[in-house]
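Notes to accompany the following structure.
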Amino acid sequence: MADYLVIVESPAKAKTIERYLGKKYKVKASIGHVRDLPRSQMGIDTENNYEPKYITIRGKGPVLQELKTAAKKVKKIYLAADPDREGEAIAWHLATALNIDIESDCRVVFNEITKDAILESFKHPRPINLDLVDAQQARRILDRLVGYNISPILWKKVKKGLSAGRVQSVALRLIIDRENEITHFVPEEYWTVEGLFEKNKKQFDALYYGDGAEKIKLTNEEQVKAILKNIKGDHFSVTDVIKKERKRNAAPAFTTSSLQQEAARKLNFRAKKTMMLAQQLYEGIDIGKKEGTVGLITYMRTDSTRISETAKAEAMQYIDTKYGKDYIATESKQTKKQSNAQDAHEAIRPTSTMRTPEDLKAVLSRDQLRLYRLIWERFIASQMAPAILDTVSVDLLNENVKFRANGSHVKFPGFMKLYIEGTDDQTEETTKLLPEMEIGDKVKTLEIEPKQHFTQPPPRYSEARLVKTLEELGIGRPSTYAPTLDTIQKRGYVQLDAKRFVPTELGGIVHQLVFEFFPEILNIEFTAKMEQDLDGVEEGMTNWVQVIDAFYKDFEKRVEYADEAMEKIEIKDEPAGEDCEKCGAPMVFKLGRYGKFMACSNFPDCRNTKAIVKPIGVQCPTCKEGEIVERKSKTKRLFYGCNRYPECEFVSWDKPINRPCPKCSSLLIEKKLKKGVQIQCTNTDCDYEETPSQ
Numbered sequence: 001m002a003d004y005l006v007i008v009e010s011p012a013k014a015k016t017i018e019r020y021l022g023k024k025y026k027v028k029a030s031i032g033h034v035r036d037l038p039r040s041q042m043g044i045d046t047e048n049n050y051e052p053k054y055i056t057i058r059g060k061g062p063v064l065q066e067l068k069t070a071a072k073k074v075k076k077i078y079l080a081a082d083p084d085r086e087g088e089a090i091a092w093h094l095a096t097a098l099n100i101d102i103e104s105d106c107r108v109v110f111n112e113i114t115k116d117a118i119l120e121s122f123k124h125p126r127p128i129n130l131d132l133v134d135a136q137q138a139r140r141i142l143d144r145l146v147g148y149n150i151s152p153i154l155w156k157k158v159k160k161g162l163s164a165g166r167v168q169s170v171a172l173r174l175i176i177d178r179e180n181e182i183t184h185f186v187p188e189e190y191w192t193v194e195g196l197f198e199k200n201k202k203q204f205d206a207l208y209y210g211d212g213a214e215k216i217k218l219t220n221e222e223q224v225k226a227i228l229k230n231i232k233g234d235h236f237s238v239t240d241v242i243k244k245e246r247k248r249n250a251a252p253a254f255t256t257s258s259l260q261q262e263a264a265r266k267l268n269f270r271a272k273k274t275m276m277l278a279q280q281l282y283e284g285i286d287i288g289k290k291e292g293t294v295g296l297i298t299y300m301r302t303d304s305t306r307i308s309e310t311a312k313a314e315a316m317q318y319i320d321t322k323y324g325k326d327y328i329a330t331e332s333k334q335t336k337k338q339s340n341a342q343d344a345h346e347a348i349r350p351t352s353t354m355r356t357p358e359d360l361k362a363v364l365s366r367d368q369l370r371l372y373r374l375i376w377e378r379f380i381a382s383q384m385a386p387a388i389l390d391t392v393s394v395d396l397l398n399e400n401v402k403f404r405a406n407g408s409h410v411k412f413p414g415f416m417k418l419y420i421e422g423t424d425d426q427t428e429e430t431t432k433l434l435p436e437m438e439i440g441d442k443v444k445t446l447e448i449e450p451k452q453h454f455t456q457p458p459p460r461y462s463e464a465r466l467v468k469t470l471e472e473l474g475i476g477r478p479s480t481y482a483p484t485l486d487t488i489q490k491r492g493y494v495q496l497d498a499k500r501f502v503p504t505e506l507g508g509i510v511h512q513l514v515f516e517f518f519p520e521i522l523n524i525e526f527t528a529k530m531e532q533d534l535d536g537v538e539e540g541m542t543n544w545v546q547v548i549d550a551f552y553k554d555f556e557k558r559v560e561y562a563d564e565a566m567e568k569i570e571i572k573d574e575p576a577g578e579d580c581e582k583c584g585a586p587m588v589f590k591l592g593r594y595g596k597f598m599a600c601s602n603f604p605d606c607r608n609t610k611a612i613v614k615p616i617g618v619q620c621p622t623c624k625e626g627e628i629v630e631r632k633s634k635t636k637r638l639f640y641g642c643n644r645y646p647e648c649e650f651v652s653w654d655k656p657i658n659r660p661c662p663k664c665s666s667l668l669i670e671k672k673l674k675k676g677v678q679i680q681c682t683n684t685d686c687d688y689e690e691t692p693s694q
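Written out as C-alpha cells, the structure is:
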C-alpha cells in the first residue's frame with residue numbers, strides 16, 4: 001500500500017508522475033477544479049466582503065469521493081496542480097475539501113514533467129500560497145460580478161445567450177475600432193519612381209529618393225513628370241556609397257503570447273489549438289520503452305523569457321556539435337522584462353534539447369510534431385550567435401535627381417541557419433546584392449518606371465495581431481487569450497474572414513450598449529490598471545476585497561441604471577430570399593454556434609434548417625448532374641461539395657475551376673501554396689499544372 005497520495009489535475013500527468021515517484025506514491029487526478037461558484041446564481045455575497053459561495057462542481061462528486069477514500073489510506077497528501085494561480089487555487093480547494101492543513105508542507109510545484117524535476121520538487125514542498133489563491137479568487141469574483149450583472153440585462157434587452165466580460169469586451173472594442181478605422185479611411189495618393197540600372201553587366205533596382213539635398217515625397221503625377229523631365233541622358237553618377245555591418249539578434253524563447261502568435265503565423269493554428277497541443281506536450285507523451293511517458297516541453301503558461309542555466313548549457317552543447325563554436329551566443333542575453341510580466345516560470349522550451357524533432361517523428365501526431373519543432377527550433381535559435389549582414393546604400397545622381405539603391409547579403413548566418421521569426425504581414429527579409437560601385441562611377445539607366453499608389457487602411461486583426469495588442473496594452477494574462485478569442489466567436493460577436501476578425505451586427509449592438517452604460521469596462525487604461533491591482537494581490541501588496549470593492553460600488557449603480565434605462569432592441573431576421581420547401585414560409589438567416597445558417601421563419605411549427613451554400617459555377621465531376629457549391633465545416637473551414645449530397649459524395653478542400661484539364665480533360669483545382677495559387681489537375685496520372693499566380 002502507498003504511503004503518500006499525490007493529486008494532480010489531469011490523468012495524463014498522473015500516469016507520468018507516478019512512474020517517476022515509485023511504489024510508495026499513489027498519484028490521482030482531480031480532473032481540474034472540484035469546487036467552483038454555482039452556475040445558476042451569482043454566488044457572491046456582496047454584503048459580506050464579497051464572500052464567494054463554493055459548491056462541488058456537478059459531476060465531480062464521485063471524483064472527490066474517490067480522493068477522500070484514497071486520502072484516508074496514506075500518511076501524507078501532496079497537492080501538485082499546475083505552477084500558476086489557477087493551480088494554486090485548485091490545490092486550495094482540494095485542501096479545503098480533504099481537510100488538509102494549508103499551512104503544512106503539502107504543495108509541490110514543478111515547471112517540467114521530467115524525472116529529475118519531479119524528484120527535486122518533492123524535496124522542497126511548501127504551504128499553499130494564499131496570495132496566489134486570493135489573486136485567482138479576486139479575478140474569478142470580479143469576472144462573475146461583471147458577467148452575471150451585465151449578461152442578464154443583455155438577455156432581457158437584446159437576446160438570450162449574450163455575455164459581456166472584462167477582457168472579451170476590450171477585445172471586441174479593438175476589433176470594432178479597427179473596423180471603423182477601415183470604414184472611414186480616406187486613401188491618399190502617392191507615387192514611386194523605380195529605376196533599373198546596370199553596372200559591369202549586372203542589373204539592380206533603385207528608387208527615387210529626392211533632390212540632391214533632401215528626401216521628397218511624391219504625391220501627384222505632376223511632380224513625377226517634372227522629375228522625369230529633369231533627367232538628362234541615360235547615365236547616373238555614383239555620389240555616395242555607405243557600407244555597414246549589421247547584427248540581427250535571435251528572438252527569445254517563447255512566452256505563451258509569442259507562441260500563440262508564431263503558431264498562428266507559421267502553422268496556421270488557432271490560439272485554442274496551440275494551447276491544447278502545448279498542454280499535451282507538457283503533460284507527457286509516451287516516447288518508447290527507454291524513457292516511457294515524459295513531458296517534452298516546460299510549462300506553457302508563462303510571460304517570462306528566462307532560461308535556466310542547465311538548459312542553456314545543454315543547448316550550447318548541441319549547437320557546438322551541430323554547427324560549431326562560432327554559432328554559440330557569446331553574450332548572455334538579458335531580455336527586457338515587461339512591466340506587467342510576473343516572471344514566475346521559465347520560457348517555453350523543450351525539456352531536453354537532445355530530443356530533436358526528428359527523433360520524435362514516430363511518436364508525435366503531425367500537429368504535435370509541428371508545434372514541438374517550432375518550440376524546439378525557437379529555443380535553440382535563441383541561444384545561437386547573431387546573424388551578421390553586410391549592407392550597402394548607394395546614391396545615384398542625374399541633374400539633381402537622386403535615386404537610392406539598398407542591398408545586403410548574409411555575411412554570417414548565425415541563428416538564421418536554423419530559424420527566422422515570422423511576421424504578421426507574412427513578408428520575409430530578402431537579400432539583394434548590388435554590383436561593386438565607388439563614388440564617381442557611372443551607371444547606365446535601362447528603365448525608369450513611375451507607379452501610382454494609394455495608401456491602404458490598417459489591416460483587420462488576425463488572432464496573432466490581436467493577442468499581441470492585448471498583451472502590449474496589459475489586458476488579460478497568458479491564460480486568458482485563447483478562451484477570450486473563442487468566446488467572442490461563439491457568441492457571434494465576430495467572425496473570421498480570410499483569417500481576420502470582422503465584427504458582426506450583433507457584436508456592434510452589444511459593444512454600443514456596453515459602451516453607453518458601462519464605459520469603464522471598455523476603458524483600456526482602466527482595465528489595464530485593474531490587471532495591475534490584481535497582480536498586486538498576487539504579490540501580497542494589495543487586499544483583494546479592497547480591489548473588488550473599489551470597482552463594485554460605482555459598477556452596482558450603473559447596473560441599476562442600465563436595467564431601467566436600456567431600451568429593448570429587436571434584432572430582425574434577415575430574409576434568405578427563398579421559401580421553405582417543407583411548408584412554403586420564407587426562409588431567414590439565423591446565427592448559430594457555427595455561424596450563419598438558414599431556418600424557416602415559421603419556427604417552431606416548422607423546424608426546417610439548411611446550411612448556407614454558394615454555387616461556384618462548376619458541374620460535379622462525379623455525378624455529372626449536380627453543381628459544386630461552397631460550404632463551411634463546423635470549424636468554419638471552406639470546402640467544396642456536390643449540391644446533391646448525400647446522393648453524391650464528391651468533396652474537395654481545393655476550389656474546382658470551370659474548365660477541364662487541357663491534357664486529360666479531368667477537373668482542375670486551385671491549390672493554395674506559399675508562393676501563390678497554382679492550377680493543378682486532379683487526375684493523379686496527369687502532371688498538368690500552371691505557374692503559380694500571386
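Just so you know, UniProt numbering puts 684 at position 684 of the sequence shown, and the rest follows in order with no gaps.
Don't be surprised by glycine CBs; every beta carbon is placed ideally from N, CA and C.
For residue i, the nearest candidate out of the options (CA to CA)
i: D554; options: F517, M587, L496; result: F517
i: S285; options: Y372, I231, R631, E690; result: It is Ile, not Ser, that sits at residue 285 in the sequence shown. Looking at the Cα atoms, Y372 is the closest of the given residues.
i: P483; options: A271, L228, R355, R85; result: A271
i: L259; options: D573, K225, S304; result: S304
i: P350; options: Y54, L79, N111; result: N111
i: residue 699; options: R107, V443, N129, G32; result: For the chain, the structure presents residues 1 to 694; residue 699 sits outside this window and is missing.
i: Q237; options: Q223, K402, G59; result: Correcting the residue type first, residue 237 is Ser in the shown sequence and not Gln. Ranking Q223, K402, G59 by Cα distance to S237 puts K402 first.
i: V27; options: T487, D573, L79; result: L79
i: P187; options: D101, F454, G61, L130; result: F454
i: V394; options: M541, T480, K244, E346; result: K244
i: L64; options: V651, K53, A95; result: A95
i: N643; options: I616, C664, N200; result: I616
Length of the line joining the Cα atoms of residue i and residue j
i: A550; j: T527; result: 13 Å
i: Q168; j: K468; result: 15 Å
i: K273; j: R265; result: 13 Å
i: I242; j: H235; result: 21 Å
i: L281; j: Q368; result: 7 Å
i: K325; j: A135; result: 45 Å
i: D175; j: P386; result: Note that residue 175 is Ile in the sequence shown, not Asp. Straight-line Cα distance between these residues: approximately 36 Å.
i: I569; j: N149; result: 18 Å
i: N99; j: Y299; result: 29 Å
i: I7; j: L132; result: 19 Å
i: I375; j: R465; result: 19 Å
i: W155; j: R301; result: 34 Å
i: Y552; j: D105; result: 36 Å
i: I448; j: Q223; result: 15 Å
Beta-carbon contacts of residue i that lie in its chain and below 7 Å, excluding the five residues immediately before and after
i: P575; result: P586, V588
i: R178; result: P458, R460, Y461
i: G212; result: L397, N400, K402
i: G422; result: E262, R265, K266
Identified DSSP bridge partners for residue i
i: S163; result: DSSP output for S163 lists no bridge partner at all.
i: L392; result: It is worth fixing the name first, because residue 392 is Val in this sequence and not Leu. V392 is bridged to K243, G407.
i: H93; result: The partner list for H93 (beta bridge, DSSP) is empty, contrary to what the question assumes.
i: A206; result: G195
i: S179; result: Reading the sequence as shown, one finds Glu at residue 179 and not Ser. Bridge partners of E179: none, in fact.
i: Y640; result: E630, S652
i: Q452; result: W191
i: C609; result: First, the amino acid is wrong: residue 609 is Thr here, not Cys. BP columns for T609 point to A599.
i: V494; result: P503
Residues near residue i in its chain [Cβ-Cβ closer than 8 Å; skip 5 each side]
i: I571; result: V158, K159, E505, L506, I509
i: Q203; result: L196, F197, L446
i: T691; result: Q678
i: T330; result: A385
i: I548; result: Y50, A138, I141, L142, L145
Beta-carbon proximity list for residue i, same chain, < 6 Å, skipping 5 on both sides
i: V618; result: I628, P656, N658
Discussion item. With a threshold of 8 Å, are at least 3 pairs of Cβ atoms found where one atom belongs to the region 503-512 and the other to the region 486-493?
Written reply: yes
Item to complete: Determine contact between the region 111-130 and the region 9-17, defined as no fewer than three beta-carbon pairs at a distance below 8 Å.
Response: Verdict: yes, contact present.
Fill in: Stretch pair the region 373-389 + the region 315-324: three plus CB contacts closer than 8 Å
yes
Worksheet item: If we count Cβ pairs, one from each stretch, closer than 8 Å, do we get three or more for the region 285-299 versus the region 353-367?
Response: Cβ pair count under 8 Å is three or more, so yes.
Worksheet item: Taking contact to mean at least 3 C-beta pairs separated by less than 8 Å, is the region 61-73 in contact with the region 86-93?
Response: no
Fill in: Contact the region 207-220 vs the region 401-421: 3+ CB pairs below 8 Å
yes
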